[in-house]
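I have placed the structure first, in the form of structure tokens, so that the comments after it can refer back to it.
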Amino acid sequence: MSSMKTNVYRDPVLGKELIQAIKKQAKIFQEKNGRKVNLMEVCGTHTVSVSKAGLRDVFRDDIELISGPGCPVCVTSHEDIDYMIELAKQPEVIICTFGDMMRVPGSHSSLAEEKANGHDIRVLYSPLEALDIAEEQPDKKVIFLAVGFETTTPAIAATIDMAEKREIDNYYVFTVHKICPPVVELLFNDPKLKIDGLLLPGHVSAIVGRKALDFIATEFKVPSSIAGFEPLDVLAGMYDIIRMLNQGEAKVTNQYLRVVTEEGNKAALDMIAKYFEAASSNWRGIGSIEGSGLVLKPEYQKYDARNLYDITIPESSNTRGCRCGEVLSGHIKPTDCGHFGRSCTPVSPVGPCMVSYEGTCATYFKYERKV
């Protein structure tokens, strides 16, 4: 995409026009329902986009913008973090992961602390780098900590595919991959939440396709829109949702046509389907959700790091007073947590929501905090 085309999605004149159109639709909704419209952005990148563009302030009298469980690092459970840390302590092991995972607090330590203690933990930009490390050091067990939604799963599947072809037998993954639809369904069934519409993640939708998200409209009658991450992408999605609410429609629209198709990325989906299958998964602050995780299929269990050691993790516990789980499920805002901006900052995080770039607390600290 050329810079000119990219700049269209940041055009201030178009932005102002869309903001006025959204405010008009939001006023109609308020007059009908006697309250503000509640929109949830499911994706952590949308949370960043909304806050960075100042949209919460722009619409503070019109729309309640709720942040959902869209940060993969943040929703990784305490138990899984603790297991990763114990893996790092095993002899002859090289742990590989993305940078966001390093400072996520476990119950008693973090990967960054274990690296400082002398364990071999490496930050990579691509999981494919872990394969090269495994080839170069055949006497070591190289374990990639695989965290993410449907967007990153194909890359992990590709590493297993290449390990098979290159006959690399010392490469393993510890997968805590999540998939979006089951947690969305759980949110709709939460009596404490009243979600009128969903702003859906563009990158996940690029993999799964628009049709895969139709259940939101057909089963739950909630209007939703797939949006990109530029300010005008987000505004277009918001307008679509509130317009549908006022017209009594429930559809999943696509405002990210330059990237998202109806059917998604078939090659990526085929790669996921070849190596992974759905299973229950534990979400931080939410609990176990049936069918919301991805595990390696039985024929590829030799790559599963869980099978390497008989590890018993110390009893896992949440940091006292940390309310990441409530933030992730949309029940509170980061500013409602007593730790926020005091004992919990990006420099010294208490919970994962303050660690990840996509974490709601980190986003609020950077863009929404009143000083």
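For the sequence shown, the residue numbers in the UniProt record's numbering are 1 to 371. Beta carbons are placed, not taken as given, at the ideal position from N, Cα and C, and that holds for glycine. The model shown is predicted, which means the values in this text are computed figures rather than measured ones.
So what's residue i in DSSP terms, helix, strand or just coil?
{"i": "Gly15", "result": "helix"}
{"i": "Lys141", "result": "strand"}
{"i": "Arg122", "result": "strand"}
{"i": "Ala305", "result": "helix"}
{"i": "Ala250", "result": "coil"}
{"i": "Tyr367", "result": "helix"}
{"i": "Ser3", "result": "Here the model assigns Ser3 a pLDDT of 36, short of 50, so the residue's position is not dependable, and the following value carries that caveat. Three-state DSSP puts Ser3 in a helix."}
{"i": "Val355", "result": "coil"}
{"i": "Ile207", "result": "helix"}
{"i": "Thr152", "result": "coil"}
{"i": "Leu328", "result": "helix"}
{"i": "Cys361", "result": "helix"}
{"i": "Thr345", "result": "coil"}
{"i": "Asn33", "result": "helix"}
{"i": "Tyr9", "result": "coil"}
{"i": "Lys89", "result": "coil"}
{"i": "Leu257", "result": "coil"}
{"i": "Lys333", "result": "coil"}
{"i": "Met102", "result": "coil"}
{"i": "Thr76", "result": "strand"}
{"i": "Phe188", "result": "helix"}
{"i": "Ile241", "result": "helix"}
{"i": "Ile226", "result": "strand"}
For residue i, decide whether its Cβ has a neighbour in chain C, counting only Cβ atoms nearer than 8 Å.
{"i": "Pro182", "result": "In the structure shown, chain C cannot be found, because there is only a single protein chain."}
Would you kindly report the start and end of the unbroken alpha helix (DSSP H) that includes residue i?
{"i": "Met278", "result": "Before going on, a small fix: residue 278 reads as Ala here, not Met. Careful: Ala278 lies outside any alpha helix (DSSP H), inside the beta strand (DSSP E) at Phe276 to Trp283."}
{"i": "Pro51", "result": "Here the sequence assigns Ser to residue 51, which means Pro is not the residue at that position. Per DSSP, Ser51 belongs to the alpha helix (DSSP H) from Gly44 to Lys52."}
{"i": "Thr218", "result": "Phe215 to Thr218"}
{"i": "Ala134", "result": "Leu128 to Glu136"}
{"i": "Ala116", "result": "Leu111 to Ala116"}
CB residue i to CB residue j, shorter than 8 Å?
{"i": "His46", "j": "Phe229", "result": "yes"}
{"i": "Met244", "j": "Ala157", "result": "no"}
{"i": "Trp283", "j": "Pro69", "result": "yes"}
{"i": "Val37", "j": "Ala53", "result": "no"}
{"i": "Tyr256", "j": "Ala21", "result": "no"}
{"i": "Ile95", "j": "Gln137", "result": "no"}
{"i": "Ser329", "j": "Gly264", "result": "no"}
{"i": "Thr159", "j": "Leu128", "result": "yes"}
{"i": "Leu199", "j": "Ala236", "result": "no"}
{"i": "Leu87", "j": "Ala305", "result": "yes"}
Need the endpoints of the beta strand (DSSP E) that residue i sits in, please.
{"i": "Tyr172", "result": "Tyr171 to Thr175"}
{"i": "Leu198", "result": "Gly197 to Pro201"}
{"i": "Leu296", "result": "Gly287 to Leu296"}
{"i": "Leu193", "result": "Note, Leu193: premise wrong, no beta strand (DSSP E); not H, not E."}
{"i": "residue 394", "result": "Absent from the model: residue 394. The displayed extent of the chain is 1 to 371, so no value can be given."}
{"i": "Ile66", "result": "Ile63 to Ser67"}
Mind reading off the beta-carbon distance from residue i to residue j? Whole number of angstroms is fine, and I expect it under 8 Å.
{"i": "Glu114", "j": "Ile81", "result": "Not quite, the Cβ-Cβ distance comes to about 11 Å (not below 8 Å), so this is no contact."}
{"i": "Val252", "j": "Ile216", "result": "6 Å"}
{"i": "Pro334", "j": "Phe340", "result": "5 Å"}
{"i": "Cys74", "j": "Gly359", "result": "5 Å"}
{"i": "Leu177", "j": "Leu296", "result": "Here residue 177 turns out to be His, not Leu, going by the sequence shown. Going by Cβ atoms, the distance from His177 to Leu296 rounds to 10 Å, so no, they are not a contact pair."}
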